[in-house]
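Novice:
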Amino acid sequence: MFRVIKCKNKTEIAEKVSLRIENQIKRKKSSLFILPTGSTPVPIYKKLVKDCKEGKVSFKKVKTFNLDEYLGLPSDHYERYYNFMMRNLFSGIDINPSNINIPNSEAKNFSREAKNYEQKYRDEGPADLAILGIGRNGHIGFNEPGTGIDSVTHVVSISESTRIANSRFFDSLEQVPKKAITMGIDTIMSAKEIIIVITGKDKRIILDRFLKEKDFDPDIPATALLKHGNVKVYVDREAMGGK
Ligand code: F6R
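Going left to right, the sequence shown walks through residues 250 to 492 as the numbering used here numbers them.
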């Protein structure tokens, strides 16, 4: 199944995707999720925090693996993904901190950290559900164009176009890290179900290209999802060009 679900706006997507997450937890309390950062998931995380505070869902047994983490930022940097996740989701829900997994950007040896992260995920996984955003160049996680479909968690050089796109979160382009650790495409594809959320007018061009593809095209890493079998693509009107 590869279904495109057209929604009015980000609020409607947040309602639908958070409901799917909450139903998954109701079905299996110890569900494992792969989670993204960036601006796309923020409304979803807000809704999950609200619902948890109102007692509608509990994350006590839930396990999470984040897709990626920047390398080279000070540990207290606002944009470090660990800090992003604490601020936007984890500090507002009742998750057990020991069930949270994010690549450690303070590790001494980053390749070893990537390997260990992959191993831990494979030991505890596969994920019941992966939530993804998409980069303007079609990346998922930090798997930039040209990444192999068989890639696992690895250290990556962030492409110039992604650094420019992400510079909106930093004071200047120079401050955007050049490296990251990311789950590979194969790691992501191991999830039993994948939801990719594509919102906002900045994603119009990539959404159009993505939906026209029929098979994996390494120039658009997200097209790997065409090979998965259980994918839902949530899009809003802005990304569809107002349609
Ligand atoms: C972040 C991640 C990235 C983002 C993508 C879109 O953990 O995996 O692939 O999903 O860069 O970012 P936003 O949502 O900021 O447009």
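From the three backbone atoms N, C-alpha and C, an ideal C-beta is built for every residue, glycine too.
For clarity, every value in this text was computed on a predicted model and none was experimentally measured.
#1: Check for me: the beta strand (DSSP E) holding Val502 runs from which residue to which?
#2: Applying the 10 Å Cβ sphere with the 16-neighbour rule, what's the burial state of Gln368?
#3: Less than 6 Å between the CB of Thr260 and some heavy atom of the ligand F6R, yes or no?
#4: Quick check on Tyr327: buried or exposed, where buried means 16 or more other Cβ atoms within 10 Å of its Cβ?
#5: Taking only runs that begin and end inside the region 278-347, name each unbroken beta strand (DSSP E) of 3 or more residues, in chain order.
#6: Short of 6 Å in beta carbon distance, which residues of its chain neighbour Glu271, apart from the five on each side in sequence? Order them along the chain.
#7: How many Å lie between Tyr319 and Pro426 at the Cα?
#8: Look up Phe418 in the DSSP assignment and say whether it is helix, strand or coil.
#9: Is the closest heavy atom of the ligand F6R to the C-beta of Thr289 under 6 Å?
#10: Note down the Cα distance separating Pro323 from Val404, rounded to an integer number of angstroms.
#11: Expressed to the nearest angstrom, what Euclidean distance is found between the alpha-carbon atoms of Ser406 and Ile430?
#12: Report whether the distance from the Cβ of Thr286 to the nearest heavy atom of the ligand F6R is below 6 Å.
#13: Mind checking whether Lys312 and Leu281 have CB atoms under 7 Å apart?
#14: Could you name the residues of the same chain whose beta carbon sits closer than 7 Å to that of Gly382, not counting the 5 residues immediately before and after it, in chain order?
#15: In chain order, what residues of the same chain have a beta carbon less than 6 Å from the beta carbon of Glu487, not counting five sequence neighbours either side?
Specialist: Here's the rundown:
#1: Look at the range of the chain in this structure, 250 to 492, and you will see that residue 502 is not part of it.
#2: Exposed, by the Cβ-count rule.
#3: Taking the Cβ of Thr260 as the reference point, every heavy atom of the ligand F6R lies at 6 Å or farther away.
#4: Answer is exposed; the Cβ neighbour count stays below 16.
#5: Every beta strand (DSSP E) of 3 residues or more that sits fully in the region 278-347 is shown, in chain order, as 281-284, 312-315 and 317-320.
#6: Result list for Glu271: Val306, in chain order.
#7: Tyr319 and Pro426 have their alpha carbons spaced roughly 6 Å apart.
#8: Helix.
#9: Result yes, Cβ under 6 Å from the ligand F6R.
#10: Roughly 18 Å between the two C-alpha positions.
#11: Rounded to whole angstroms, the separation of the alpha carbons of Ile430 and Ser406 is 9 Å.
#12: Answer for Thr286: yes, Cβ within range of the ligand F6R.
#13: In this structure, Lys312 lies near Leu281, with their beta-carbon atoms less than 7 Å apart.
#14: So the list reads Pro285, Gly287, Thr289, Pro290 and Val446, once near-sequence residues are dropped.
#15: Once the five neighbours on either side are set aside, the close Cβ partners of Glu487 are Gly449 and Lys450.
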